[in-house]
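Per the working numbering, the sequence shown starts with residue 439, numbered consecutively.
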Amino acid sequence: MLKLLKYELLRSFFPFVVIGGIFLVSMLIIGGHIRSGSTNIHNFWDKGIVSFCIGVAFLSVFLLFVMQIWSVIRIFGKNLFGSYGILLFCLPVSLDSILCAKILSCFILIGCSSLFYAIVSLQVFLVMPGVDVSEFFGSVFEYVRSADVAILVILSVYFLAQILCFLTKILLTLAILNSTHIQSFRFMVGIMIFIGINFVEFLIPFSLPSSLFSFDSMKASLLTISIQTLIIGTIYYFIARWLIAKKIELL
């Protein structure tokens with residue numbers, strides 16, 4: 439599984455490096471201008487360059503979101519159901535190892551790229567006039583030190599559950615799409631399937647009583663939603679696994 443994970447990451451990380459590099463250069467130019475103290479831009483070229491970099495930075499954020507979705511679809515779609523997937527299923531590796539490696543690679547790509555963008559944006563924020571770096575980090579450390587550890591852990595589990603459920607939902611969408619014989623308008627059909635899955639999820643009543651957990655209402659609600667999301671994501675995974683296994687039997 440680790441070799442499959444490494445291979446998936448090596449096949450998919452380059453576009454993120456390119457977009458991240460463009461974002462980094464743009465933010466460095468913006469940060470350099472802010473650090474220089476030139477809050478009022480009078481030079482036409484300086485104003486044009488800074489405005490261009492701001493536009494590129496916003497475009498890079500949008501492209502990051504598009505790249506994350508595209509990479510997930512490519513890893514689950516083309517790399518799993520195309521000719522590469524046929525060769526992959528011939529390897530002496532279990533289906534669960536293949537699927538888990540792909541899910542984990544998508545999770546790492548989304549997490550690392552989002553964290554990189556957040557760190558770069560934070561660096562620019564820290565060089566803005568009026569921002570005291572030592573006071574800022576002191577406030578952050580004080581908040582973390584005084585914060586309830588339980589709520590931080592529950593929030594981490596909550597976001598983790600949401601991402602994993604989203605990935606398994608896309609996996610199920612592509613598994614349903616590729617288990618059919620639809621050849622025309624596949625992209626639109628895939629979107630309709632994804633919307634249909636969300637609609638069915640909304641219609642089916644499924645909730646755990648928050649009274650099961652000895653926390654206050656906020657912690658109990660977040661923990662309940664996290665567990666429900668993980669259960670739903672697990673159901674999506676096994677349905678997708680069953681469809682993929684049936685497709686493999688027909689190959």
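No residue lacks a Cβ here, since even glycine has one placed at the ideal position from N, Cα and C.
- Item | Cβ neighbours of Phe503 in the same chain (closer than 8 Å, five flanking residues each side left out) | Annotation for Phe503: no residue places its beta carbon closer than 8 Å to its own, counting only its chain and skipping 5 residues before and after.
- Message: If contacts are defined as beta-carbon pairs under 8 Å, then Ser617 and Lys684 qualify, I think. What distance do you get, rounded to the angstrom?
- Response: About 7 Å separates the CB atoms of Ser617 and Lys684; that is less than 8 Å, so the two are in contact.
- Secondary structure at Leu650, three-state DSSP: helix, strand or coil? Low per-residue confidence applies at Leu650: pLDDT is 49, beneath 50, and the placement is therefore not dependable enough to give any value.
- Using alpha carbons as the reference points, say which of Ile631, Phe451, Thr606 lies closest to Asp534. Shortest Cα-Cα distance from Asp534 to any of Ile631, Phe451, Thr606 involves Thr606.
- Query: Can you round the beta-carbon distance between Tyr596 and Ile663 to whole angstroms, since I take them to be within the 8 Å contact cut?
  - Reply: About 7 Å separates the beta carbon of Tyr596 from that of Ile663, a gap short enough to meet the 8 Å contact definition.
- How is Ile669 classed by DSSP in three states: helix, strand or coil? Helix at Ile669.
- Message: Tell me the rounded alpha-carbon separation between Ser648 and Phe452.
- Response: Here Ser648 scores only 49 on pLDDT, less than 50, and its place in the model is too uncertain to base an answer on.
- When the Cα of Phe604 is compared with those of Phe623, Leu615, Met630, Leu668, which residue comes out closest? Sorting Phe623, Leu615, Met630, Leu668 by C-alpha distance to the C-alpha of Phe604 places Leu668 at the top.
- Message: Quick check on DSSP: helix, strand or coil for Phe623?
- Response: DSSP, read as helix, strand or coil, puts Phe623 in coil.
- Message: I'd like the list of long-range same chain contacts for Thr672, defined as Cβ closer than 8 Å, with 5 residues on each side in sequence excluded.
- Response: Leaving aside the five residues that flank Thr672 on each side, the residues in its chain whose CB is nearer than 8 Å to its CB run, in chain order, Thr606.
- Around the C-beta of Ile548, are 16 or more other C-beta atoms found within 10 angstroms, so that it is buried, or is it exposed? So Ile548 counts as buried.
- Query: For Leu443, which residues from the same chain have a beta carbon less than 7 Å from its beta carbon, with the 5 sequence-adjacent residues on both sides left out?
  - Reply: Taken in chain order, the residues that qualify are Ala539, Leu542, Ser543.
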